Each structure stands twice: as structure tokens, then as C-alpha cells.
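Heads up: the structure comes next, in C-alpha cells.
In our numbering, the protein residues as written are 79 to 356.
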């Protein structure tokens, strides 16, 4: 992938909140010695940073970013700044089945916003379970978010292909069944990234496509015009240096504290966590 298309900054309130909410959840997991994140990374913004809270917490992290060497190199440079003590390994081997890792090699195998886009999510989950000795965790988009229908309509209006994967996998039910079928226990579904705004990547772009005469005026509302976090100033990992950002995220997180059923219209992502039988 050419360097010119590498994302080198997180932009917009949506990415800021998404990254903050995910990091906060990961910090609640029990201590982990070895972690595999992959295949790939579906987070908007800078690629390869999702497991940073785990690395900063003492886990040795392996990132699998299939055929993305430029993003892998940039991720390494960011990790050196925020988790210099972590024994990070970044693989760029192509996606293949079986996965290129031994049985029961990691305490946690996980990925974010990836599974519905894979050619065979069921096979991928079985491989994740094979490589894990304890936890398997996936995050997928929530098709019941109130902005999801508008998001799909936007793709049609703009003539853009739908690149987010099979919507059948964007619901907790098939994942819970599959987790249990492959022998995982203590399976639980939960929501993460539950702000009040709809799950739309760029609202300004959406409005511009629906209302072309306003396109020029709406440029000022694009994410990079409202918030931009460069790799050397990411606010998620240093609350003391960015206290106001963290206070603002806490104020926006009121839906995160609601019961599961009340979160459904607002949640951007569903998490499913399972544990292998020992």
C-alpha cells in the first residue's frame, strides 16, 4: 500500500471516542501475558494501536496486519513512543487458513471491526480459538444502531460499494451460537462505543452527498477540521496530560452505563467474549 494513503492521525470526535471507549474496556480485562490481535484492524484512524492498553499493561502483543507493511512500520513507531517496554511483534503475512500461529499460543486472541469483512468468519473464529489458550474476543458493528439504515442508504446515494461486510454478522445472536458451538464457555455479549450520535463515519460527507449545493459549506464540519490527533500527541494513553479530553469522554459515556437492551439503538459496536474450557 503506498505511503500516501497511510492514516497518520486520528481525526474527529467519533474516532476519539471510539478509541477511548475501546481502551477503557480493554483495561478491565484480567492480566494477560501474550496477546494476538488480528487478522487486520478495522479501527478508523491510525492502524495497529488497538492493543496498546494491553501492551502498556504488561502483555507481549503480536499484531497481524496482512499485507500492510507500511501501516505495520508506522504502528511500530507509535508503539515505541507509548509502550517502549512491550515486546511487540508485527506480522504482515497474507491472510491464510489455518492461521500461521501454533495451538494455544496466546492468552487472548481478538480483533476489532474485522470479522464481517472476512471471507469465512466461522473458520476465522475457529482459528482464533485454536490459537488461544484462554480468551477469544471479537467486536463487530451493530446493525441495530439507529444510524445504520442511513449509513447503508448513503453508500447507495454516493454510488460507493458497501465495504463493511455481511450485515448478518452484525448482531450478537449468531456469534453467541458460534462461540458455544466451538466449545467456548462463559460467553457474553456487550456493547462498547455507545455515544449519542449515529454510527456514520463522516456526517458532513453524508450531508454533502444528499445535499450537493451545500458541499462547500460542509467542508468545515469534516472530522479533520474539528479534531486531529497526531501520532506523537494521542490523548487516550495519558489522562494526566489530557485531562479535559478524558473528562469530555466521560461526559459522553452515559449510554455505556445503561443496561444492554437500552444501549442497542446507540451502540456502534457489539463485543462477544468467550473463554476456552481448561
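C-beta atoms are modelled at their ideal positions from N, C-alpha and C, and glycine is treated no differently.
Values in this document were obtained by computation on a predicted structure and should not be read as measured data.
- Under DSSP, residue 307 forms a beta bridge with 88.
- Counted as a single uninterrupted DSSP element, the alpha helix (DSSP H) harbouring residue 155 occupies residues 147-160.
- In the three-state DSSP reduction, residue 219 falls in the strand class (E or B).
- Assignment of beta-bridge partners to residue 246 by DSSP yields no partner.
- Between residue 215 and residue 351, the CB-CB gap stays under 8 Å.
- In the DSSP annotation of this structure, residue 241 is not part of any alpha helix (DSSP H), being labelled neither H nor E.
- Per the Cβ contact rule, the region 321-329 is in contact with the region 90-100 (3 or more Cβ pairs under 8 Å).
- Separation of the CB atoms of residue 346 and residue 189 is rounded to 16 Å, and the pair is thereby denied contact status at 8 Å.
- The bridge partners DSSP lists for residue 350 are 216, 267.
- The region 259-278 makes contact with the region 328-339; the number of CB pairs closer than 8 Å reaches 3 or more.
- Residue pairing by DSSP places residue 326 opposite no residue, since no beta bridge is assigned to it.
- Judged by DSSP in its simplified three-state form, residue 253 adopts helix.
- Checking the DSSP bridge columns, you'll see residue 192 has no partner listed.
- Counting the other Cβ atoms within 10 Å of the Cβ of residue 120 gives 16 or more, which makes it buried.
- Looking at the backbone, the Cα of residue 163 and that of residue 134 are separated by about 8 Å.
- With fewer than 16 neighbouring CB atoms inside 10 Å of its own CB, residue 246 falls in the exposed class.
- For residue 200, the uninterrupted alpha helix (DSSP H) run begins and ends at 199-209, by DSSP.
- Looking at the DSSP output, residue 140 sits in a beta bridge with 114, 167.
- The alpha-carbon of residue 313 is positioned some 24 Å away from that of residue 167.
- If you ignore the 5 residues before and after residue 154, its C-beta comes within less than 7 Å of the C-beta of 166, 168, all in its own chain and listed in chain order.
- Counting C-beta pairs with one atom in each stretch, the region 135-142 and the region 103-122 have three or more that are closer than 8 Å, which means they touch.
- Secondary structure note for residue 133: its alpha helix (DSSP H) is the uninterrupted segment 130-134.
- Under the three-pair Cβ rule at 8 Å, the region 177-193 does not count as touching the region 143-152.
- Beta-bridge partners of residue 262 (DSSP): 354.
- By the CB criterion at 8 Å, residue 185 and residue 208 fall outside the cutoff.
- When only Cα atoms are considered, residue 315 and residue 159 end up about 11 Å apart.
- Annotated as distal: residue 248 and residue 201, with beta-carbon spacing of 8 Å or more.
- Distances from the CA of residue 161 to each of 147, 187, 130 were compared; the closest alpha carbon is that of 130.
- For the options 122, 226, 156, 228, the alpha carbon positioned closest to that of residue 191 is the one of 122.
- Under the DSSP assignment, residue 339 falls in the alpha helix (DSSP H) whose first and last residues are 338-341.
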